[in-house]
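To start, the structure itself, in structure tokens.
In our numbering, the protein residues as written are 399 to 1678.
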């Protein structure tokens, strides 16, 4: 439907109105908008620059451009805003024959409450619900203000007005007997032809109101069709005021009918936000009395129905209808007003609504409402009061008692004196589950929230006395996952070591229940675990390991999965041995999905056997297994004894979708027999065997008639706070492999724990470097810096060089040397760290002449292990009197920036040395073997002058030095990632990059823990530089979306995810906030923690359809003795039916027929039952009419009437002398009993002409029914 919102910003369409007569001569009238919705014409007129009359009022008399049945008056906002009550509209209208009396109204909405930006009256009416032609009105306001524009909204709703209208009443199923929710007219009973009214598309807002605001609304002076009046309200509120819907929650008419107003799928137990009292809307519902109560006395029927409704509402809400409470006022601020209040109570000074007469009756309405509630009470007292705490995660409590009555309520408090209690009215009930619905007595608003581990007291009031129930204590409901971390001593593991675990639960949580660990080792090609030690690991990314034995089925490894593809086999089996007798509890962790495909059976399933004693048998001997069934959405627990399985438990509503990968964890306690099954970290089932198996040797996967994919099987053992991890090549050790290279981890430890509430921690990883092998021995050590020398002439310095050692696993990290007078001796110089250099020059020694000294060298690897020392052949310190001879060589002079050139002294008989180096830079040294760090390239003159006991000598050489620039290594910024996320290290500054840990530059990898990574950058000159970057790995939360939900359409559910700090659901769902799901689907949630790490989980919400009862009869007018009515059932989503034919008979047939014995009018009720979602009913009042021939003048064409033509095409003429005067009704029906609407009927003297037929109906048989006074005439006609 096109909603036409009349705004000032519209482009105005000016049309002259030639037939208008006005009270003022100067009038600027234009048509702002004109349209017709179905057959409801509307016009919006504007009076520009209106002028006040001598009395200071705006006064106009208008001949309407269209006939109208209802209208509204609007006006622009003055420069200074005023209360709505400052404006008064006096109006009257004229129909074809007369004017009615003047009536009065004030502003219904102010400019800030409508998109039009105008003041508007409410919808106004005239003499009846039919057409009027003239309008006269006065707009009065304070003398000091004026308006620029006045608007008139005209609408003609008369086409659907029915003088014989009878309400279609609806009964609330399951409502308590006293106070009873009264029958009401649903929106389907008054929306008429407005599609948008029947099917609103806006999202309603649920509220928890504390007040009911009573309004009066205008109505025709006389009317017979209350639905037409309600429809006028909707049309005006939507198409003139620009609102989404009718403003009121409920309406009542003078006949005592109650109407549903605002769209509300969960009426009456849920209230929705209306548009009737501005800022007060969020805490109130609006009830409209059709009729201007300033001048019209509400009828007794109207008051009675309102009081009946209010009695139910206040009893359900648990408020005293005579009490007062605070509420936000429409006029600003807050105020304490009666819970049953008038509009003017919340809009102080802004309105006179609900008028003097009705406002004066509010006091009696309050007392009458309370009297109804109190009258439902009895003298019975509640007995057998019990309160059962239902446990986690919701911590609900079910209150139960015997006997019931009206006006009963429950008090709950956390103290035995019931200070500041919470209240819930429970009239007519014998059980109730809270805390939902309980509110604080003192304000009637604050909801009850049950705290963890708290004792509560409760009592019941039966109208005369309290009866106390037994106190109850809530459980400690904990939905926060525990945490775990791992630490070990040192960086490298060379022998058995102790791993220490830190496990903790949240403050006030349920406490840790059990902790688990797993030790894995890396063979160099695959990560495995020692199954003899109670661990198991298989990532299924290589060929199938020999651990597995295929018994039945087509099992293979492919794409990181263990797959089974034989769908014809009902029991496939692949098994492996596993020692399961070393710890009290075991945790089995794997991922699984069921592939889609064409299956020959509808029983697709898969499972996992654990603690089995014979994997080769059909059902694995003795043990346990769990089963997931796809078609029936079940999780099943089985115990196997002597190879015969017994089903011990079924968990329903465990949906298994094709091609969806699930994370599955199974925990088994071999001491207590308890087993828990988690899926996607949500605990979905538990069972305890009172006679548990304590030993088990096998695990096995099993599928039945399905494609199965298994990924990453891991088995953990329970542990203490610390464990000893064995290391070594023996097959009995936990860690059996060393690092394959210094940067590839040789092992890792994983940890996981759960708390008493069933929450699982994230898996913690701790990578380990492993090397228990010493580095290789150094093959040779040479005295001196080049070839081996045997003699030196100085007593303060020695030097040596040697071949490099090697270490595959951890790499050689440094070399150590010592000096002694005997081979391996250390008395001259103890073991000295030489870092990674393969030579040394040690000065400052105190050597003796004529003594031989020995140098020993050993290598150390990164794991701290040493090679066996290698000893040089010794060097003799000689005191010589011969003339010294200067001599030297030097290392490669082509160096990188920051490195050195070593000058190697091979002079003889010299004891003192003077080096002088000149060139682009100058250097001097008295060391025997100096090391020079050149920074500039060029030719250098190197002079060595030596002195000995035999004299002096000198040698000069020219050395061409080239200094290549060193790169500037840049490892990038430090990074922060979440567990499981990949990261890319991208170093720059050179041409080649060598990362620690075996990483490749600019290639993503997934780090397990926080670590520092170093990179060696090499440029084109083969010069290097290093840098490092820290990668911080923050924990990823474990998202828990909760269990799958099944709900009946229109009902609310709450999705409550846990495991993190923030939760973002798809489909605009808010965590822990109720909403109404529209269709079935998967709801996904992204869970974030304080590190901004995220995890996702999902639940399947299945929305079951509600029954929708509807029907019609093939013929509703039956003439005795042919009294068989045939009913056509058009209900939807129903499983069974019960018909009430209105004469004491009923039927359970889908489409029954029924013969009536006596004449009369019968109301038909159809009850449609949906086994999942309850009952819905449809009532057609006075629907079947049984008439005896003696009660009517004729039934077909006779001498009195002539009907022609028959067959007809487009026009039917009925001629008869009695047609010229008097009231009559003419309707046409098809063979299904459906009325044909929209026909054009003209009355001309003694003839009725029915036209405009051909485009509305198809060829066939039709009945034309003419009702005149007490006579009914039926004409059966054929449409060609």
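Even for Gly, the Cβ is constructed at its ideal location relative to N, Cα and C.
Could you give the C-beta distance for residue i and residue j, rounded to a whole number, given that I count them as a contact under 8 angstroms?
{"i": "residue 1383", "j": "residue 1399", "result": "7 angstroms"}
{"i": "residue 938", "j": "residue 976", "result": "That pair is no contact at about 16 angstroms."}
{"i": "residue 688", "j": "residue 624", "result": "7 angstroms"}
{"i": "residue 523", "j": "residue 468", "result": "5 angstroms"}
{"i": "residue 1009", "j": "residue 1091", "result": "5 angstroms"}
{"i": "residue 1624", "j": "residue 1567", "result": "Not really, about 39 angstroms apart at Cβ, beyond 8 angstroms."}
{"i": "residue 456", "j": "residue 463", "result": "That belief does not hold up - the Cβ atoms of residue 456 and residue 463 are roughly 20 angstroms apart, past 8 angstroms."}
Please return the same chain residues whose Cβ sits closer than 8 angstroms to the Cβ of residue i, not counting the five positions on each side in sequence.
{"i": "residue 1594", "result": "Any reading at residue 1594 must be qualified, since the residue scores a pLDDT of 38, below 50, and its modelled position is unreliable; the value itself is stated next. So the list reads 1671, 1672, 1673, 1674, once near-sequence residues are dropped."}
{"i": "residue 1039", "result": "1020"}
{"i": "residue 1678", "result": "1605, 1606, 1607, 1657"}
{"i": "residue 563", "result": "622, 623, 624, 625, 626"}
{"i": "residue 1426", "result": "1369, 1410, 1411, 1412, 1413"}
{"i": "residue 1350", "result": "1282, 1343, 1344"}
Cβ of residue i within 8 angstroms of Cβ of residue j?
{"i": "residue 806", "j": "residue 825", "result": "yes"}
{"i": "residue 611", "j": "residue 730", "result": "no"}
{"i": "residue 852", "j": "residue 872", "result": "yes"}
{"i": "residue 1516", "j": "residue 1583", "result": "yes"}
{"i": "residue 1253", "j": "residue 1192", "result": "no"}
{"i": "residue 609", "j": "residue 703", "result": "no"}
{"i": "residue 796", "j": "residue 828", "result": "no"}
{"i": "residue 1647", "j": "residue 1601", "result": "no"}
{"i": "residue 1429", "j": "residue 1381", "result": "yes"}
Leaving out the 5 sequence neighbours to the left and right, which residues in its chain are closer than 6 angstroms to residue i when beta-carbon positions are compared?
{"i": "residue 1487", "result": "1435, 1458, 1459"}
{"i": "residue 1500", "result": "1444, 1478"}
{"i": "residue 402", "result": "In this prediction, residue 402 has a pLDDT of 33, which is less than 50 and means its spatial position is unreliable; nothing more can be read from the coordinates."}
{"i": "residue 1733", "result": "Here the chain covers residues 399 to 1678 and nothing more, so residue 1733 does not appear."}
{"i": "residue 786", "result": "796"}
May I ask which residues mark the beginning and end of the beta strand (DSSP E) holding residue i?
{"i": "residue 535", "result": "530-538"}
{"i": "residue 811", "result": "807-811"}
{"i": "residue 1100", "result": "1096-1102"}
{"i": "residue 990", "result": "983-993"}
{"i": "residue 1240", "result": "1237-1241"}
{"i": "residue 1081", "result": "1080-1086"}
{"i": "residue 1006", "result": "1003-1010"}
{"i": "residue 629", "result": "Element bounds for residue 629: not the beta strand (DSSP E) but the alpha helix (DSSP H), 624-637."}
What residues in its chain sit with their C-beta under 7 angstroms from that of residue i, if we drop five residues either side in the sequence?
{"i": "residue 417", "result": "Any reading at residue 417 must be qualified, since the residue scores a pLDDT of 31, below 50, and its modelled position is unreliable; the value itself is stated next. Result list for residue 417: 461, in chain order."}
{"i": "residue 695", "result": "755"}
{"i": "residue 860", "result": "775, 778, 779, 780, 803, 806"}
{"i": "residue 1676", "result": "1604, 1605, 1659"}
{"i": "residue 1265", "result": "1172, 1173, 1174, 1175, 1176, 1203, 1256, 1257"}
{"i": "residue 1358", "result": "1291, 1337"}
Check whether the Cβ of residue i sits closer than 7 angstroms to any heavy atom of the ligand SAH, and report yes or no.
{"i": "residue 625", "result": "The ligand content of the structure shown is nil, which means the ligand SAH is not present either."}
Taking the continuous alpha helix (DSSP H) assigned at residue i, which residues delimit it?
{"i": "residue 707", "result": "698-715"}
{"i": "residue 763", "result": "760-773"}
{"i": "residue 595", "result": "593-596"}
{"i": "residue 742", "result": "741-744"}
request  = Answer yes if the stretch 1048-1060 comes into contact with the stretch 960-976, meaning at least three C-beta pairs across the two stretches below 8 angstroms, and no otherwise.
outcome  = For the pair of segments examined, the stretch 960-976 was found not to touch the stretch 1048-1060: the number of CB pairs separated by less than 8 angstroms stays below three.
message = Counting beta carbon pairs with one atom in the stretch 1264-1278 and one in the stretch 1288-1303, are three or more of them shorter than 8 angstroms?
response = The stretch 1288-1303 makes no contact with the stretch 1264-1278, as fewer than three CB pairs between them are under 8 angstroms.
request  = Take every Cβ of the stretch 1162-1181, pair it with every Cβ of the stretch 1254-1261, and state whether three or more of those distances are shorter than 8 angstroms.
outcome  = Judged by pairs of C-beta atoms under 8 angstroms, the stretch 1162-1181 touches the stretch 1254-1261, as three or more such pairs exist.
ask   = Do three or more CB pairs link the stretch 1332-1350 to the stretch 1306-1314 at distances below 8 angstroms?
value = Enough Cβ pairs lie closer than 8 angstroms, so yes.
ask   = Do the stretch 836-852 and the stretch 1123-1130 touch if we need at least three Cβ pairs shorter than 8 angstroms?
value = Contact between the stretch 836-852 and the stretch 1123-1130 is absent, because fewer than three Cβ pairs lie under 8 angstroms.
inquiry  = Closer than 8 angstroms is the cut-off here; do at least three beta carbon pairs connect the stretch 1521-1536 with the stretch 1109-1117?
reply    = Taking a contact to require three or more Cβ pairs closer than 8 angstroms, the stretch 1521-1536 and the stretch 1109-1117 do not qualify as touching.
query = Counting pairs of Cβ atoms below 8 angstroms between the stretch 638-653 and the stretch 662-679, do you hit three or more?
reply = Result yes; three or more Cβ-Cβ pairs closer than 8 angstroms.
query = Any chance the stretch 710-724 sits against the stretch 833-845, with 3 or more Cβ pairs inside 8 angstroms?
reply = Contact between the stretch 710-724 and the stretch 833-845 is established, with three or more Cβ pairs separated by less than 8 angstroms.
query = Are three or more beta carbon pairs between the stretch 438-453 and the stretch 484-492 nearer than 8 angstroms?
reply = Under the 8 angstroms Cβ criterion, the stretch 438-453 does not count as touching the stretch 484-492, having fewer than three qualifying pairs.
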